[in-house]
Every structure is written in C-alpha cells, then in structure tokens.
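Student: Numbering (the numbering used here), first residue to last: 24 to 417. By construction, the Cβ of each residue, glycine as well, lies at the ideal position given by its N, Cα and C atoms.
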Ligand code: ADP
C-alpha cells in the first residue's frame with residue numbers, strides 16, 4: 024500500500040487528477056490523467072510515473088452520461104485499487120478564486136466553503152466546478168482531509184496601487200480589484216528561481232505563463248508585485264480564445280448599438296476572441312504556426328506584440344528587469360513566439376541565443392544579454408500536492 028495525496032483540478036466538462044506518494048523534496052506523480060467531455064461523451068486518459076499512457080484494460084471504466092457527482096467516487100475507488108493499492112490521505116484542489124482573504128492554501132471547512140461560495144460571481148466559469156468537486160469528495164469520503172489551493176493567493180503580496188482600478192472608491196472597497204490568476208504556476212516558478220539564478224533569484228523577474236490562458240507576473244524577492252490579469256481571467260494578454268485587455272467602450276458599444284445580450288458578450292470575449300477570433304482558424308498556437316494563412320500569422324504577431332507591450336509595462340512596476348521566464352504550453356514550446364516577443368524587447372537589453380531558443384534550452388539568452396531569459400516548465404499540480412501534504416501532515 025502506498026500513502027498518497029490526490030490532486031484534482033475540476034472544470035466545467037473536465038476533471039484532471041494526479042496522485043503523489045508521500046515524499047520529502049520534489050513531489051513526483053505516480054499517476055496523472057484526465058476525464059474530458061463529462062456529461063456529453065466522457066473520455067478517460069491517464070499515464071504512469073514515466074508518462075507512458077495506461078493500457079486500455081488498466082483504465083477506469085466510464086458510464087457514458089456520468090456527471091462529476093458519479094465520476095468522483097468512481098475515480099477515488101479506481102485510484103485506491105490501482106497497482107497493488109493506494110491509500111489516499113488527503114485531496115488537494117485547484118480553486119480559482121480565494122478573494123482578498125486567502126493568502127495561501129487552506130484546509131477545507133464548512134466556513135471556508137461558505138466564504139468561497141460568495142466568490143462564485145467573480146469567477147462563474149470555474150469557481151462553481153472547483154467547489155462542486157470539493158463537495159463531491161466530501162460526500163463520498165467524509166473523513167478525507169481536503170486542501171484548497173488558490174490561483175489568486177500568490178498575488179496577495181501586491182501593493183494596494185497594483186490592485187486598484189481607477190474606479191470610485193466604494194467599488195474598490197466592495198472588492199472590485201485586480202486579483203490576478205495563475206498563482207499556482209507563479210508559485211512554482213518562484214520556488215525554482217534560486218536553483219537557476221542563485222542570488223539573482225531575488226531580483227526583478229517577470230514570468231510569462233503562456234498557455235491557452237495567458238498572463239504575466241512581475242516579481243521582486245520572488246513575490247508578486249504586479250500581474251496582467253485583473254478582476255477576472257479575461258484581462259491582460261491576448262489568449263487562445265479570450266481577448267485580453269479591451270477598451271471597455273467596445274463592450275458598451277456592442278451592447279447598446281449591436282444589441283448583444285450579456286450572454287452573447289460573455290461568449291464573444293471568453294470563447295470567440297483571442298487567437299481563434301483573430302485568425303478565424305484555431306485557438307491553438309501550434310496549429311497557427313503550421314498554417315500558411317496570413318490570418319494565422321497576424322494572430323501570432325498580435326499575440327507577441329501585445330505580450331511585449333504588457334511585459335514592458337510590468338517591468339515599470341519592478342523598476343527594470345533581470346530575468347524573464349517563459350512557461351506553460353506556448354512559453355515552453357514555441358521558439359517562434361519567444362523570438363517574436365524578445366525581438367521587440369532588445370531595447371531592454373534582452374538578446375536571445377537562437378540555438379538555445381530553438382532547442383527549448385533552460386537558458387535561451389546570450390552570455391552578453393543584460394536580462395537572463397529562461398524556459399522553465401511549470402508544475403501547478405506539484406504545488407498543490409506539496410501544500411496538501413504539508414497542511415495535512417501529522
Ligand atoms: P492550458 O492553459 O490549457 O493548460 P497549455 O499550457 O497546455 O494550456 O498550452 C496550450 C497551448 O500551447 C496551445 O496553444 C498549444 O498549441 C501550445 N503549444 C504546445 N506545444 C506547442 C509547440 N510545440 N509549438 C507551439 N505551440 C505549442
């Protein structure tokens with residue numbers, strides 16, 4: 024029997040999971056996987072500790088119309104019977120919003136859930152699913168300790184100015200603030216900086232988390248000083264399907280003159296914009312890079328133009344730049360995107376090493392570059408696993 028913690032990341036139609044045995048040091052998953060297409064046509068995929076996909080007969084059986092409520096108890100049973108038996112000692116969840124109060128991972132209680140329920144209107148696409156998964160686990164394993172790890176917590180070190188919108192004071196007091204997201208990814212990146220940068224780890228660093236969702240975080244002393252996402256995960260960089268920063272006058276125009284409903288505007292901004300909207304082809308960067316369509320190239324160029332501009336703005340918040348970190352699907356894999364962004368930032372002293380960049384090497388700047396540029400794969404699940412183990416140990 025192996026004692027392990029379960030990490031869950033529940034979305035509207037997917038459930039990602041990973042299983043981490045108790046261990047000192049870097050957490051390493053023995054099993055990770057995903058159930059996609061929940062409530063329509065669920066598809067199960069999982070891989071072992073080496074990243075090898077599990078064979079068909081080792082996968083969890085899925086009823087076709089299963090909901091999260093059916094799948095979570097089935098997943099718990101399946102994991103516990105996996106490979107000679109796993110004893111789950113705790114579950115850690117990715118929770119998108121912790122509001123102003125949650126500055127780090129927290130043990131789940133009725134009071135915490137009540138507090139997090141109140142934040143649902145701030146993250147309606149994610150928070151309800153995150154909380155429903157916690158409640159499902161509690162219903163099927165009432166004695167299993169649960170830990171909530173928030174995407175907003177890492178940014179709670181920011182000064183008031185970095186969190187304020189230029190809105191009437193009463194609205195800021197009511198919680199309309201820049202919260203920032205992708206905090207688990209930035210937490211991981213911050214934790215790795217000393218190993219890569221030594222004493223320079225505490226300097227002025229910008230991490231660019233470029234995945235389907237994309238944001239940047241400016242850090243000093245490995246703490247968040249400013250970030251590109253704001254009140255929602257819609258702000259800041261152009262993303263796969265989200266528009267990023269937008270003149271709010273566009274929204275008013277669409278509603279007043281084009282008579283779009285709130286639901287239609289929501290869909291436009293969250294699902295029909297970004298790389299998909301500009302290219303008219305795909306939200307997927309690798310697909311756009313492989314395309315010869317001029318619209319695909321324009322979407323990539325706009326993505327990089329906006330990213331460079333955002334980066335320069337964030338550098339102002341930390342008084343310059345010592346290191347730039349690329350992470351997440353695009354940041355870790357797209358040499359083209361890194362080059363197009365960095366080429367626009369030569370004036371800041373950034374010079375890429377083309378060979379290192381093509382190879383996705385750890386250091387991709389030249390020795391003469393005033394700014395170190397690194398590629399560091401992120402590990403949000405590992406952050407949740409460690410926090411879950413730490414908060415439930417003993
Ligand atoms: P999510 O936000 O869903 O976790 P990921 O971090 O997995 O997203 O990033 C997905 C993005 O990374 C997609 O746009 C995908 O095309 C892009 N990506 C992955 N590999 C490559 C690659 N080799 N070249 C360019 N883009 C890539």
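Just to confirm, does residue 308 get its C-beta within under 8 angstroms of one of the non-hydrogen atoms of ligand 1?
Tutor: Yes, Cβ of residue 308 sits closer than 8 angstroms to a heavy atom of ligand 1.
Student: Can you find a heavy atom of ligand 2 that lies under 8 angstroms from the Cβ of residue 312?
Tutor: Among the ligands modelled here, namely ligand 1, ligand 2 does not occur.
Student: Below 8 angstroms on the Cβ atoms is my guess for residue 236 versus residue 262; work out the distance and round it to an integer in Å.
Tutor: Contact flag correct, Cβ pair sits at about 6 angstroms.
Student: To the nearest angstrom, how far is it from the Cα of residue 48 to the Cα of residue 402?
Tutor: One C-alpha to the other measures close to 14 angstroms.
Student: Here's the rule I'm using: 16 or more other beta-carbon atoms within 10 Å means buried, otherwise exposed. How should residue 276 be labelled?
Tutor: Exposed, since its Cβ has fewer than 16 Cβ neighbours within 10 Å.
Student: Do you know offhand how far residue 343's Cα is from residue 249's?
Tutor: About 13 angstroms.
Student: Candidates 168, 264, 211, 194: which alpha carbon is nearest residue 415's?
Tutor: Ranking 168, 264, 211, 194 by Cα distance to residue 415 puts 168 first.
Student: Just curious, the alpha helix (DSSP H) that residue 310 is in, first and last residue?
Tutor: Start and end: 308–313.
Student: Would you say the beta carbon of residue 298 is closer than 8 angstroms to some non-hydrogen atom of ligand 1?
Tutor: Result yes, Cβ under 8 angstroms from ligand 1.
Student: Would you say residue 221 lies against chain C (beta-carbon separation less than 9 angstroms)?
Tutor: Absent from the structure: chain C. Only one protein chain is present.
Student: Under DSSP, the beta strand (DSSP E) around residue 50 begins and ends at which residues?
Tutor: It is not in any beta strand (DSSP E) - residue 50 carries neither H nor E in the DSSP assignment.
Student: How would you label residue 64, buried or exposed, when you count the other beta carbons within 10 angstroms and need 16 or more for buried?
Tutor: Exposed, because fewer than 16 other Cβ atoms sit within 10 Å of the Cβ of residue 64.
Student: At what residues does the alpha helix (DSSP H) containing residue 254 begin and finish?
Tutor: That residue, residue 254, is in no alpha helix (DSSP H); it is neither H nor E in DSSP.
Student: Return helix, strand or coil for residue 434, following the three-state DSSP convention.
Tutor: Because the chain spans 24 through 417 in this model, residue 434 falls outside it and cannot be assessed.
Student: Just to confirm, does residue 360 get its C-beta within under 8 angstroms of one of the non-hydrogen atoms of ligand 1?
Tutor: Yes, the beta carbon of residue 360 sits closer than 8 angstroms to at least one heavy atom of ligand 1.
Student: Under DSSP, the alpha helix (DSSP H) around residue 412 begins and ends at which residues?
Tutor: Run containing residue 412: 403–415, per the alpha helix (DSSP H) assignment.
Student: Going along the chain, which residues of its own chain have a beta-carbon closer than 7 angstroms to the beta-carbon of residue 331, five neighbours each way excluded?
Tutor: Excluding residues within five positions, the ones whose Cβ falls inside 7 angstroms are 364, 367, 368.
Student: Which residues does DSSP list as the beta-bridge partners of residue 266?
Tutor: BP columns for residue 266 are empty, so no partner.
Student: With a 10 Å radius around its C-beta and 16 neighbouring C-beta atoms as the bar for buried, classify residue 357 as buried or exposed.
Tutor: Per the 10 Å Cβ criterion, buried.
Student: How about residue 102 and residue 38: are their beta carbons less than 9 angstroms apart?
Tutor: Result no, Cβ atoms of residue 102 and residue 38 do not sit closer than 9 angstroms.
Student: Determine contact between the region 190–203 and the region 372–381, defined as no fewer than three beta-carbon pairs at a distance below 8 angstroms.
Tutor: Because the criterion of three Cβ pairs below 8 angstroms is not met, the region 190–203 and the region 372–381 do not touch.
Student: From 199, 243, 266, pick the residue whose C-alpha is nearest to that of residue 338; which is it?
Tutor: That would be 243, whose Cα lies nearest to the Cα of residue 338.
Student: Determine the closest residue to residue 325 out of 288, 268, 274, 278, with distance taken between C-alpha atoms.
Tutor: The shortest C-alpha separation from residue 325 is found at 268.
Student: CB of residue 352 to nearest heavy atom of ligand 1: below 8 angstroms?
Tutor: Answer for residue 352: yes, Cβ within range of ligand 1.
Student: Write down the C-beta distance between residue 148 and residue 35 rounded to the nearest angstrom, noting that I regard them as a contact closer than 8 angstroms.
Tutor: Residue 148 to residue 35, Cβ: 7 angstroms. Contact.
Student: Going by DSSP, name the residue or residues bridged to residue 209.
Tutor: Answer is none; residue 209 lacks a bridge partner.
Student: Determine the burial state of residue 75: buried for a count of at least 16 other Cβ atoms within 10 Å of its Cβ, exposed for fewer.
Tutor: Flag for residue 75 reads exposed.
Student: Spell out the partners DSSP gives residue 232 in its beta bridges.
Tutor: In the DSSP output, where bridge partners are listed per residue, residue 232 has 238, 350.
Student: Is any non-hydrogen atom of ligand 1 found closer than 8 angstroms to the C-beta of residue 122, if you look at the structure I gave you?
Tutor: No.
Student: Would you report the Cα separation of residue 418 and residue 354, rounded to the nearest angstrom?
Tutor: The structure shown does not extend to residue 418, since the chain is modelled only from 24 to 417, so the question has no answer here.
Student: Residue 327 and residue 301: beta carbons closer than 9 angstroms?
Tutor: Cβ atoms of residue 327 and residue 301: not closer than 9 angstroms.
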